[in-house]
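Numbering (UniProt numbering), first residue to last: 1 to 46. Don't be surprised by glycine CBs; every beta carbon is placed ideally from N, CA and C. Some notes on the structure that comes next.
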């Protein structure tokens, strides 16, 4: 069988949508705030 065409990198995911990167930008902080308000157990996946 051939390889999958789209293989995500864990490091890229963490850098883009990890907790630290979210908490550093204003829009990311807004996302975290909304997820806290909604009562999400996991604020970020990575």
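Quick one: give me the first and last residue of the alpha helix (DSSP H) that residue 36 is part of.
-> 26-38
For residue 43, which residues from the same chain have a beta carbon less than 6 Å from its beta carbon, with the 5 sequence-adjacent residues on both sides left out?
-> 32 and 35
Please confirm whether residue 23 and residue 29 have their CB atoms less than 8 Å apart.
-> yes
Cα-Cα separation between residue 19 and residue 39, rounded to whole angstroms = 16 Å
Please report how far the alpha carbon of residue 5 lies from the alpha carbon of residue 13, in whole angstroms.
-> 17 Å
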